[in-house]
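Protein chains in written order, with my numbering: chain A, 484 to 914; chain B, 31 to 462.
Here is the structure we will look at.
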Amino acid sequence: MQKVDFDQVQESLYFEELPNGLSVYVLPKKGFFKTYATFTTKYGSIDNGFQVPGKEKHQVPDGIAHFLEHKMFEQSSGEDVFQEFSRQGASANAFTSFTRTAYLFSCTGQVEQNLTTLLDFVQSPYFTEQNVEKEKGIIGQEIRMYDDNPDWRVYFGLFEAMYQQHPVRIDIAGTTESIAEITRDLLYTCYETFYHPGNMVLFVVGPVDPAQIINLVRENQAGKSFPVQTEIKRFFPDEPEQAGDKLKEIEVSVGISKCMFGFKETKNRVHVTGDELLKQEMATQIVLDALLGSSSELYQSLYDDGLIDDSFGVSYTLDRGFGLSMMGGDTEDPDRLLERIKQELPRLIERGLDPDTFERIRKKKIGANLRYLNSPEWIANQFTGYRFNDADLFNLVPVLESLSLDDVNRRMREHMRWERFAVSIVRPAKD
Amino acid sequence: MEYAQFDSRMIGNIRVHVCTSEKFKTTTLMAFFQQELAPEMVTKTALLPSVLQRGTASVPTTISFKRKLDDLFGAVLYGDVFKRGERHIMQFAMEIANEQYLKEAPKLLAEGIQFLSEVLLKPVLEKKAFKAAYVEAEKKNLKQKIESLKDDKIRYASFRMIEAMCKGEPFALFNHGRIEDLAKIDAENLYTYYQDVLSTCPIDFYCVGNVTVDEVMELLEKQFGGVAKAARKTIQVAPVHHPVSEERVVIERMNVKQGKLNIGCRTQTSVQDEDYPALLMFNGILGGFPHSKLFRNVREKASLAYYCSSRLESHKGLLVIQSGIEISNYEQAVNIIREQLENLRQGKIEEQELKQTKATLSNQLRSQMDRSYEMIFYHYQSVLSGMQRPLEELLEQINQVRIEEVQKMAEKVQLDTIYFLRNRGGNEDAKS
């Protein structure tokens, strides 16, 4: 068991890699009542083309990672595992993103039993033709729910407008048609490929004794056997440099239009890892905040002109093989909003950030990081996301502190190129 | 381990509640103003938080206002309005870093309290009124906010059901107010109204963080000592007892793909009542968790929905069931839900369901104590209800609840309104 101290924020992190390849992290939180644990595989909706040595190459139906996540809760006893967590006073859940599938629980007692339940249910799949069919109705309703959610539609529309080939343009849950193709055998294939302990991370945060937790996990894993982990080859189609359709427009029953826009990340900056990834992320976020955050001149002028309201926000995403900035929110007039952006942003990019703005935003980000450290959920999920990109959450503040104004201005001009600009709009349908 | 202990004291007629806790890396400050929930005030109250966040006398432009927050290491300021029974509550919150976790930072607590007090007490003024341009802009934003309610169909359906069920009661009002009131509101009458709020509405201040009670009291006293002198009114609320004479069915049509089914029940029970823990258990067994009857029967057994759950409006004595279903499955879903309510009335509750619900409900309550906002809300509930129920006590009461008591509660709970949001067209007319 290794231990790393982070003196400035007064936290310590414990780590061990088990013989079967599983990485275990424990962050003790004194004074907390709740323990939060995530068991995550580096497998998400984008991993739809893969091969392991000696086996055939697979191209699987859209939405299968998410479908698999749903089916993991079923057990051979016939009881779904929620029942067991409830008996043990835990609240359990799971989520699937573009790049990860996470299983989690939180509890204020019986931590060891709950942790054992978590490890055991994720490591004992039970799929039958019958329970696979039954799930199609439930997931069908989940897809419908998102169909009626304009915030999701506008968010997702931007991925579709930017990406032409990469599977990040495919909805995480798939479609009613694509999930119809999912079978028990396909689920087992995906499970066996991606749920090997060597492809997974366990993170536990709460009022726990790290040695005790790591011992429990070590013993639990020693009692199970896994085939030798082989390298997983993941296939991604070649993605052109420029944005695809550039504009994705749909009509939904809404009271007000929603508009999101942003820049697709340049091809040679979407595979960065480690501190380089942190640096790119922080620098881009500072740029976005400085140009269009709520304390920027442009934001305020658009707000005063009634083109945006406080739903307007900015963000940056960078993960295995894709990246983009996203800006937007509700607007009365998406066309005029975009006109103003195209008019005013080039001048601001040309001028660059000034030292005062840069320092102010950096300060704000350091404070925000402290606020996030109050949240066990944030720590576990962010840490794991970075870890799958060989980066370390606890290096964020040091990287922020080492950034220079020059770095940030260079990043801005590298990222914000109009041939990679795209827009997604949801307009009110006539009801 | 002890749960959150608030030390409550008075500054004049303002209550202050401080919880010293070492586990957070930030300090949370919160102010609550209670107002009656009434048609003639609801929109004005709803407008205040956004107008007050546009500028103060010392940082009169919104840019300088926002940059001030950036400079306080990204302090977060937040203002909102919500309903607690027939009370309309205006809330301001500020979360600010604790400098002991930062390199070279000033005393942030004092600066935070100072700034929050300026937001509340020294707004930017123009001819003894709010700045007209800010009021007009925020009126437009509020209108947009009210109109955008329908963008989120889950929230929209939930509100429309309440509106139908509580027709004629103040609780039917939307927390963000009514569009038709906006035309009459201007910088002058809104400012006059705010002066009235400041000098008559009950105010509670909260502070949670690694602070001492004395330093917080001293800082607050300095800023709010003056305004605290005014006497405060008591907000009257209607009793929750409300027998249902006839079930109501409301169908609304819109351009949607999924039907939203919301069912409202009257629990005839309020937070102050002795059988409130039994109501918490009733809700938990019915629809609070993945082991609950609704989730198991509507989702897992019948595959009708992705979500089906229930929750309480404790201060109003309501229980609300919500689900998203295929439109043609309306009758089947309503039948299954009715069956679950009936099972509870007949006491068809397994020992296992009781045990699971006690365990998960207690876990949920204890978990709240790890988030400063929820600690504050838990405590504020006791301020509003006038009923002290420390968490230890509530946990013990939950633990004591027997199946018969849940059944007795089920007999009190009456189905009032079924609301269904469905698509346009389609021949299969949904019926109750």
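Idealized CB from N, CA, C, for every residue including glycine.
Any C-beta of chain B under 8 Å from that of residue i
i              : result
I849 (chain A) : yes
F604 (chain A) : no
L853 (chain A) : yes
F550 (chain A) : no
D654 (chain A) : no
F565 (chain A) : yes
E625 (chain A) : yes
G796 (chain A) : no
A912 (chain A) : yes
Q783 (chain A) : yes
N857 (chain A) : yes
K554 (chain A) : no
G681 (chain A) : no
T591 (chain A) : yes
G561 (chain A) : no
Chain A contact for residue i (CB, 8 Å cutoff)
i              : result
F103 (chain B) : yes
H118 (chain B) : no
D400 (chain B) : yes
N240 (chain B) : no
H206 (chain B) : no
V89 (chain B)  : no
A460 (chain B) : Here A460 (chain B) scores only 43 on pLDDT, less than 50, and its place in the model is too uncertain to base an answer on.
N457 (chain B) : Residue confidence for N457 (chain B) is low, a pLDDT of 49 falling below 50, so the modelled location carries little weight; the figure read from the coordinates is stated next. No, because no Cβ of chain A sits closer than 8 Å to the Cβ of N457 (chain B).
Q174 (chain B) : yes
V328 (chain B) : no
Y449 (chain B) : no
D100 (chain B) : yes
Whole-number beta carbon distance between residue j and residue i, since they are thought to touch under 8 Å
i              : j              : result
I176 (chain B) : R452 (chain B) : Contact doesn't hold; Cβ gap of about 23 Å is too wide.
L790 (chain A) : D816 (chain A) : 6 Å
E483 (chain A) : T749 (chain A) : There is simply no residue 483 (chain A) to check, as chain A begins at 484 and stops at 914 in what is shown.
G42 (chain B)  : K259 (chain B) : 5 Å
V165 (chain B) : T86 (chain B)  : With 8 Å as the limit, V165 (chain B) and T86 (chain B) do not qualify as a contact, their Cβ atoms being about 15 Å apart.
L349 (chain B) : S340 (chain B) : 6 Å
T672 (chain A) : H541 (chain A) : 6 Å
G142 (chain B) : T73 (chain B)  : Going by Cβ atoms, the distance from G142 (chain B) to T73 (chain B) rounds to 30 Å, so no, they are not a contact pair.
R583 (chain A) : F871 (chain A) : 7 Å
V909 (chain A) : V735 (chain A) : 5 Å
Spatially closest choice to residue i from the options, by CA coordinates
i              : options                        : result
M40 (chain B)  : B:S229, B:M247, B:S340, B:C49  : B:M247
Q476 (chain B) : A:T579, A:F588, A:Q491         : In the structure displayed, chain B extends from 31 to 462; residue 476 (chain B) sits before or after that span and is not available.
L641 (chain A) : A:A726, A:G504, A:S885         : A:A726
E500 (chain A) : A:L801, A:R701, A:N751         : A:R701
A105 (chain B) : A:I849, A:R894, A:P859         : A:I849
R830 (chain A) : A:F866, A:R896, A:P881, A:L886 : A:R896
G532 (chain A) : A:Y786, A:I662, A:V543         : A:V543
T75 (chain B)  : B:F122, B:T91, B:T56, B:V89    : B:F122
V241 (chain B) : B:K287, B:N313, B:L138         : B:L138
L853 (chain A) : A:L836, A:L876, A:D839, A:F841 : A:L876
Element boundaries [beta strand (DSSP E), containing residue i]
i              : result
R803 (chain A) : R803 (chain A) -> no beta strand (DSSP E), and no H or E assigned at all.
P911 (chain A) : 904-911
P511 (chain A) : 506-511
C237 (chain B) : 233-239
Y224 (chain B) : Where Y224 (chain B) is concerned, there is no enclosing beta strand (DSSP E), although the alpha helix (DSSP H) it sits in stretches over 217-230.
Residue interval of the alpha helix (DSSP H) (run including residue i)
i              : result
I355 (chain B) : Taken as a continuous stretch (DSSP letters only), I355 (chain B) belongs to no alpha helix (DSSP H), being part of the beta strand (DSSP E) at 348-355.
Q386 (chain B) : 381-397
I176 (chain B) : 162-177
T867 (chain A) : 859-870
M247 (chain B) : 243-254
Closer than 7 Å: residue i CB and nearest the ligand FAD heavy atom
i              : result
Q288 (chain B) : Of ligands this structure carries none, so the ligand FAD is not represented either.
Closer than 8 Å to chain E by CB, residue i
i              : result
I293 (chain B) : The structure shown contains no chain E; the protein chains it does contain are A and B.
query = What residues in the segment 513-546 of chain A have a beta carbon less than 8 Å from any beta carbon of chain B?
reply = K513, G514, F515, F516, K517
*Check each residue of the segment 633-649 of chain A: if its Cβ is closer than 9 Å to any Cβ of chain B, include it; give the result in chain order.*
P633, D634
Exercise for the section: With 9 Å as the C-beta to C-beta threshold (strictly closer), list the residues of the segment 309-321 of chain B near chain A in chain order. Expected result: F319, P320, H321
message = Counting only Cβ-Cβ distances shorter than 7 Å, please list the residues of the segment 54-71 of chain B near chain A, keeping chain order.
response = F54, K55, T56
Item checked: Chain-ordered residues of the segment 129-148 of chain B with a beta carbon less than 8 Å from chain A -> Y131, L132, K133
Residues of the segment 732-758 of chain A in Cβ contact with chain B at a cutoff of 9 Å, in chain order, please. E734, V735, S736, V737, G738, I739, K741
Interface residues of the segment 569-588 of chain A facing chain B [CB-CB below 9 Å]: S569, R570, Q571, G572, A573, S574, A575, N576
Q. What residues in the segment 613-624 of chain A have a beta carbon less than 7 Å from any beta carbon of chain B?
A. K617, G620, I621, Q624
*Mind checking the segment 485-513 of chain A against chain B and listing, in chain order, the residues whose C-beta falls within less than 8 Å of any C-beta there?*
Q491, V492, Q493, K512, K513
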